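Trainee: Numbering (my numbering), first residue to last: 372 to 843.
(1) Go to residue 580, then tell me how far its alpha helix (DSSP H) extends in each direction, as first and last residue.
(2) So does the stretch 712 to 719 actually touch the stretch 549 to 559, counting three or more Cβ pairs closer than 8 Å?
(3) According to DSSP, is residue 491 part of a helix, a strand, or is it coil?
(4) For residue 796 and residue 540, I'd like the C-alpha separation in whole angstroms.
(5) Within this structure, are the beta carbons of residue 569 and residue 738 separated by less than 8 Å?
(6) Buried or exposed for residue 679, please, with buried defined as at least 16 other CB atoms from any protein chain shown within 10 angstroms of its CB.
(7) Where do the ends of the alpha helix (DSSP H) carrying residue 652 lie?
(8) Opposite residue 674 in the DSSP bridges: which residues?
(9) If the criterion is Cβ atoms closer than 8 Å, does the pair residue 690 and residue 565 meet it?
(10) Since residue 469 is in the beta strand (DSSP E), which residue starts that stretch and which ends it?
(11) Taking the beta strand (DSSP E) that residue 383 belongs to, which residues open and close that run?
(12) Under 8 Å, do residue 331 and residue 788 count as touching if we go by C-beta distance?
(13) So residue 558 packs on residue 444, CB below 8 Å; how close in whole Å?
(14) Hey, residue 511 and residue 526: beta-carbon distance below 8 Å or not?
(15) Under a Cβ-count criterion, where at least 16 other Cβ atoms within 10 Å of its own Cβ denotes burial, should residue 573 be classed as buried or exposed?
(16) Taking only three categories from DSSP, how would you classify residue 432?
(17) Drop a sphere of 10 angstroms on the beta-carbon of residue 455, count the other beta-carbons inside from all chains shown, and report buried for 16 or more, exposed for fewer.
(18) Counting only the same chain and skipping the five closest in sequence on each side, list residues whose C-beta sits under 6 Å from that of residue 692.
(19) So does the stretch 774 to 788 actually touch the stretch 414 to 423, counting three or more Cβ pairs closer than 8 Å?
(20) Shortest alpha-carbon distance to residue 811 belongs to which of 497, 661, 448, 627?
(21) Please tell me whether residue 751 has its Cβ less than 8 Å away from any Cβ of chain E.
(22) Just to confirm my understanding: we take residue 834, look at its own chain, exclude 5 residues before and 5 after, and list those with CB closer than 6 Å. What are they?
(23) Using CA coordinates, which residue listed in 653, 767, 616 is at the minimum distance from residue 634?
(24) Could you give the uninterrupted runs of the alpha helix (DSSP H) lying entirely in the stretch 485 to 557, keeping only those of 4 residues or more?
(25) Report yes or no: do the stretch 516 to 523 and the stretch 425 to 441 share at least 3 C-beta pairs separated by less than 8 Å?
(26) If you count every other CB in all the chains shown that lies within 10 Å of the CB of residue 503, and 16 or more means buried, which is it?
(27) Residues in its own chain within less than 8 Å of residue 822 by CB, not counting five upstream and five downstream?
(28) What does a CB cutoff of less than 8 Å around residue 401 pick up in its chain, not counting 5 residues either side in sequence?
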């Protein structure tokens with residue numbers, strides 16, 4: 372007898388806006404920041420344990436009805452991409468619908484909750500309704516509602532990165548949850564002029580540096596990249612990637628405060644030159660990661676940190692409700708360190724360097740990149756170049772400021788939020804925020820790395836000293 376899969380889809384729907392989209396809103400342009408983005412889905416998992424055995428917990432009719440209503444404001448999500456040439460797409464607001472699936476998971480959610488919802492314990496891959504964007508008929512947003520045998524629920528969300536960053540995904544989910552509770556929300560803005568560069572924009576050296584790092588700049592380079600990829604895919608050249616390990620680091624307020632204290636000298640404290648908790652935390656993590664990697668002592672290990680452009684544009688309140696790409700993988704800050712330099716520097720030095728690097732990023736860098744995107748009519752020359760993580764290249768996504776813990780559909784907020792790290796995930800780190808009845812900030816860090824490096828990392832003295840728990 373063939374064993375039944377743990378995740379079984381029982382129903383599938385296309386949810387359309389509860390009101391037809393008006394004719395004058397039938398096509399939505401994408402900004403240049405959207406156009407250069409990958410046609411891939413951004414995954415998100417929200418876990419809702421049913422601790423009190425509430426009847427009709429996270430009931431489907433409530434979620435579907437609220438989704439149809441909120442799509443009136445978020446009408447482009449029910450549309451489909453249309454290729455208009457020169458590397459550009461637009462959203463045809465056809466009201467085709469958002470993919471919404473109902474599924475069951477043949478296990479108890481509580482069992483996974485006790486183990487931190489690790490992807491090695493729970494079947495992340497089969498929890499998502501889609502994985503790859505491969506056709507103009509594919510949805511821009513796909514959601515799967517998964518019920519566990521003990522009444523717990525998970526929401527698996529896939530948002531197409533071409534149309535929205537993680538901030539925008541959070542904005543949509545917040546409005547959907549408020550609609551389910553009958554609470555008013557501020558409507559999103561699709562005005563692309565909000566991210567348009569000013570007429571007097573000057574393309575500075577920092578914008579050029581970021582552009583070269585993140586984009587394919589010439590046909591020669593693009594052809595060479597394709598050739599290199601072809602060579603690597605030949606059977607005689609295939610190198611099996613190392614097995615990857617996922618862990619969760621839990622940081623409570625006492626450990627975070629201790630880390631922050633150690634990132635200050637007595638002189639800094641006396642002069643009230645304060646670094647933030649995150650400055651200290653990221654500096655500590657970078658140093659621990661560098662010590663764990665199997666590289667030469669003088670080889671630079673880079674940490675690429677995503678930055679939210681909205682936080683750099685304080686002059687526009689409307690940017691808080693802008694829906695599109697204005698963060699994540701486009702403008703990043705690179706901080707390098709070697710094992711040799713670790714012996715000559717302290718946590719204080721690294722934290723100060725991190726603080727300065729992030730503080731120096733101005734809106735002018737974003738505007739400079741926007742200006743560069745206008746230099747070619749064919750936008751394919753501006754497409755981002757994907758660089759998978761390696762022992763010397765890590766990517767960091769800080770989504771702790773996005774209030775996923777407040778996504779209450781009328782049954783309480785989620786217990787935890789998780790991402791799904793797949794291809795190129797050897798050195799991928801995501802920082803999630805939590806809201807619990809304890810004093811001070813609480814963070815979850817989801818980290819994926821090769822097993823050999825991970826063993827060294829979780830035994831690092833600083834990781835042992837500052838973390839509340841390491842779950843693996």
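Ideal Cβ positions, reconstructed from N, Cα and C, are used throughout, including at glycine. Just so we're clear, the structure is a prediction, and the values are computed from it rather than from any experiment.
Mentor: Looking at the coordinates:
(1) Stepping through the chain shown from its first residue, residue 580 is reached at position 209. Element bounds for residue 580: 576 to 585.
(2) no
(3) Residue 491 sits at position 120 when you count from the first residue of the chain shown. Residue 491 falls in the coil class under three-state DSSP.
(4) Here the question's residue 796 lines up with position 425 in the chain shown. Here the question's residue 540 lines up with position 169 in the chain shown. Going by the C-alpha atoms only, they are around 21 Å apart.
(5) Position 198 of the chain shown holds residue 569. Position 367 of the chain shown holds residue 738. Yes, the pair counts as a contact, with Cβ atoms nearer than the cut-off.
(6) Residue numbering aside, residue 679 sits at position 308 when the chain shown is read from its first letter. Counting Cβ neighbours within 10 Å, residue 679 comes out buried, since at least 16 surround it.
(7) Here residue 652 refers to the residue found at position 281 of the chain shown. Residue 652 -> alpha helix (DSSP H) spans 648 to 663.
(8) Along the chain shown, one-based indexing puts residue 674 at 303. In DSSP, residue 674 forms a bridge with 706, 765.
(9) The sequence position of residue 690 within the chain shown is 319, counting from 1. The sequence position of residue 565 within the chain shown is 194, counting from 1. Yes, the Cβ-Cβ distance between residue 690 and residue 565 is below 8 Å.
(10) Residue mapping note: residue 469 aligns to position 98 of the chain shown, counting from 1. 469 to 476 is the span of the beta strand (DSSP E), which, as asked, contains residue 469.
(11) The residue labelled residue 383 in the question sits at position 12 within the chain shown. Taken as a continuous stretch (DSSP letters only), the beta strand (DSSP E) holding residue 383 covers 378 to 386.
(12) No information on residue 331 is available, as it lies outside the stretch 372 to 843 that the chain covers here.
(13) Translated into the one-based positions of the chain shown, residue 558 becomes position 187. Translated into the one-based positions of the chain shown, residue 444 becomes position 73. Rounded, the Cβ-Cβ distance is 5 Å, consistent with contact.
(14) Taking the first residue of the chain shown as position 1, residue 511 is located at position 140. Taking the first residue of the chain shown as position 1, residue 526 is located at position 155. No, they are not a contact pair.
(15) Position 202 of the chain shown, counting from 1, holds the residue named residue 573. So residue 573 ends up on the exposed side.
(16) Within the chain shown, the letter at position 61 stands for residue 432. Here residue 432 sits in helix by DSSP.
(17) Here the question's residue 455 lines up with position 84 in the chain shown. With fewer than 16 other Cβ atoms within 10 Å, it is exposed.
(18) Walking along the chain shown from the start, residue 692 turns up at place 321. Counting only Cβ-Cβ distances below 6 Å, and skipping sequence neighbours, we find 557, 559, 560.
(19) yes
(20) One-based indexing of the chain shown puts residue 811 at position 440. It is 627.
(21) Annotation note: the requested chain E is absent from the structure, which comprises a single protein chain.
(22) Within the chain shown, the letter at position 463 stands for residue 834. Taken in chain order, the residues that qualify are 659.
(23) Counting from 1 along the chain shown, the entry for residue 634 is found at position 263. The candidate whose alpha carbon is nearest that of residue 634 is 653.
(24) 537 to 552
(25) yes
(26) Taking the chain shown and counting its residues from 1, the one referred to as residue 503 is at position 132. It counts as exposed.
(27) Against the chain shown, residue 822 aligns to sequence position 451. 613, 614, 615, 616, listed in sequence order.
(28) For the purposes of this step, residue 401 is identified with residue 30 of the chain shown, where counting begins at 1. Closer than 8 Å at Cβ, skipping near neighbours: 459, 460, 461, 462, 533, 534, 563, 695.
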